[in-house]
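Read the structure below first, then the notes.
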Amino acid sequence: MTIALIVHGGAGSWRPGSDSDAINGTTAAVAAGRKILETGGSALDAAIAASVMLEDNPIFNAGTGAVLNFDGFVEMDACVMLSTQSQIGAVSGLQRVKNPILVARQVMEQTDHVMLTGDGALRFARVMGHVDYDPITAERRADWQDKKAKLQVAVGANGSGAMKIRHFLKSHPEYAGGTIGAVALDANGVLCACTSTGGVTMKLVGRVGDTPLPGCGTYASKFAASSATGTGEYVIRALATRQISDNVERGMSLETSIGAVLDGLGRDYDADVGFIGIDANGNTVGAHRTPHMPHAYFTDGSEIIAKMRA
Ligand code: ASP
């Protein structure tokens, strides 16, 4: 049986001069998951191990280094899904833990539920042993302060207009940070998709993106598993990762399927999005509509290949 793993570090415009950090970070995450798959471990363990490495790397917008919301604190979303029996665990609006993807896994394995949110998710995380942790880095805090000052100029002193800031953010791509995702196929033919994020920068408090929503930012079926990145509101409208799987079920190749979903998102919304995915045969695909989407992958005995763009 084929084994494979692909990870992404977020679709957007990467900071000039930081490509090697993104390449090294995604490569290290694939290496960690690969070790697990090559020694007979599960797609779940491999995708989670890769996700934890990416969450712990402060250059990515997930876990440590997650972006701040409008009020200057971090609310994180994460989801894990398995192709077997559509097992899913997710958290949304989770504050002050180090690894949201581990909490999502515990929601899947230790509760009857699919998703926990906000205070309830935090209470559950503490019961599961996740200690208080501040994921905010000095760089993200400085970005937030700078952006808040620029935004005040852009929307006026009374802040009216700050509810819709997508246009403003588009003209400040230097702040784009990347969600993380990992998709794995193990030797038993199980597919697993994980996604974890701080969401979009300067989001309104309480905003939930595509990442924790099954079939939107994260999905796994026996046909294909995928993880999305980019402005989540578009990904949600398109039920994008479910569409990717449905197309493959109808006989499309994974590459054509992801291409078709990207084309639709481009046509309908000019969306700044990207996807990684693996099908049941171990074909890996990374594709995006943004200048960059650092991603890395391997299949069976291949080298780990890492790229800033597809
Ligand atoms: N998809 C994420 C969200 O909307 C953000 C991103 O991938 O950059 O929360």
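For the sequence shown, the tail end lands on 360 under the numbering used here, and the numbers increase by one without skipping.
Don't be surprised by glycine CBs; every beta carbon is placed ideally from N, CA and C.
Keep in mind the model is a prediction, meaning the values are calculated, not measured.
Residue of the options minimising C-alpha distance to residue i
i: P21; options: M165, D121 and A116; result: Here the chain covers residues 51 to 360 and nothing more, so residue 21 does not appear.
i: N119; options: A78, M302 and Q145; result: Q145
i: I73; options: H342, A290 and A97; result: H342
i: G143; options: Q135, Q156, A128 and S136; result: A128
i: I98; options: G231, A288 and P264; result: G231
i: R359; options: I53, S63, M51 and L55; result: S63
i: T229; options: M126, G67 and S92; result: M126
i: V80; options: G314, L241, S101 and P66; result: S101
i: V240; options: D313, E283, I86 and A93; result: A93
i: S352; options: R84, S68 and G67; result: R84
i: G259; options: D162, E283 and R317; result: E283
i: L254; options: V124, S68, R176 and G327; result: V124
i: E299; options: G316, D313, L315 and S271; result: S271
i: V233; options: S133, Q160 and E159; result: S133
i: A237; options: S307, D95, G316 and S68; result: D95
i: F348; options: L87, G67, P66 and D69; result: L87
i: L235; options: R65, G327, I354 and G316; result: G327
i: D162; options: Q137, E189 and I354; result: Q137
i: I354; options: R65, A82 and E189; result: A82
i: Q160; options: G139, S70 and D169; result: G139
Close-in-space but distant-in-sequence residues of the same chain around residue i (CB under 8 Å, 5 per side omitted)
i: Y269; result: M131, A243, A275, S276, T291, R292, I294 and S295
i: W194; result: V117, L118, G122, T251 and M252
i: T19; result: There is simply no residue 19 to check, as the chain begins at 51 and stops at 360 in what is shown.
i: V311; result: A288, A290, Q293, I294, N297 and F325
i: G309; result: A337
i: H180; result: V147, K148, N149, L152 and V153
i: D350; result: T52, I53, A54 and G332
i: I66; result: The question names Ile, but residue 66 in the sequence shown is Pro. The answer is none, since no qualifying residue turns up.
Cross-strand partners of residue i (DSSP beta bridge)
i: G327; result: S276 and V335
i: H58; result: G231 and H345
i: I429; result: Outside the shown range of the chain, which is 51 to 360, sits residue 429, and nothing can be said about it.
i: K357; result: H345
i: A270; result: A275
i: T281; result: None; T281 has no bridge partner.
i: M131; result: I138 and A243
i: M126; result: L144
i: L166; result: V141
i: P264; result: T268
Residue i classed as buried or exposed, judged by whether at least 16 other C-beta atoms fall within 10 angstroms
i: S285; result: According to the sequence provided, residue 285 is Val. The question's Ser does not apply to it. Result: buried.
i: T247; result: buried
i: Q135; result: exposed
i: R339; result: buried
i: R191; result: exposed
i: D182; result: exposed
i: D329; result: buried
i: G249; result: buried
i: D320; result: exposed
i: P264; result: buried
i: V177; result: exposed
i: A199; result: exposed
i: S68; result: exposed
i: G301; result: exposed
i: G90; result: exposed
i: R307; result: The question names Arg, but residue 307 is Ser in the sequence shown. S307 is buried by the Cβ-count criterion.
Cβ-based neighbour list, residue i, same chain, cut-off 6 Å, excluding 5 preceding and 5 following
i: G280; result: A61, D322, V323 and G324
i: G245; result: It is Thr, not Gly, that sits at residue 245 in the sequence shown. Closer than 6 Å at the Cβ level, and outside the excluded window around T245, lie C129, G231, T261, G267, T268 and S277.
i: A171; result: V141 and L144
i: N333; result: L304
i: D363; result: Only positions 51 to 360 of the chain appear in this structure, which leaves residue 363 out of reach.
i: G314; result: none
i: V23; result: The chain is shown from 51 up to 360; residue 23 falls before or after that span and cannot be answered.
i: T169; result: According to the sequence displayed, residue 169 carries Asp and not Thr. So no residue of the chain qualifies.
Residues near residue i by beta carbon distance below 7 Å, same chain, minus five either side
i: G187; result: Note on residue identity: the sequence assigns Thr, not Gly, to residue 187. So the list reads P108, T114 and G115, once near-sequence residues are dropped.
i: L166; result: V141, V157 and F174
i: A78; result: M103
i: G256; result: G143
i: G316; result: R339
i: R6; result: With the chain represented from 51 up to 360, any question about residue 6 goes unanswered, as that position is not in the structure.
i: D71; result: I109
Chain B contact for residue i (CB, 9 Å cutoff)
i: F123; result: No chain B appears in this structure, which consists of one protein chain only.
Residue i: CB within 8 Å of a non-hydrogen atom of the ligand GDP
i: V285; result: Within the structure as shown, the ligand GDP is missing, the only ligands being the ligand ASP.
Say whether the stretch 52 to 70 touches the stretch 103 to 116, bearing in mind that this needs 3 or more beta-carbon pairs closer than 8 Å, one atom from each stretch.
yes
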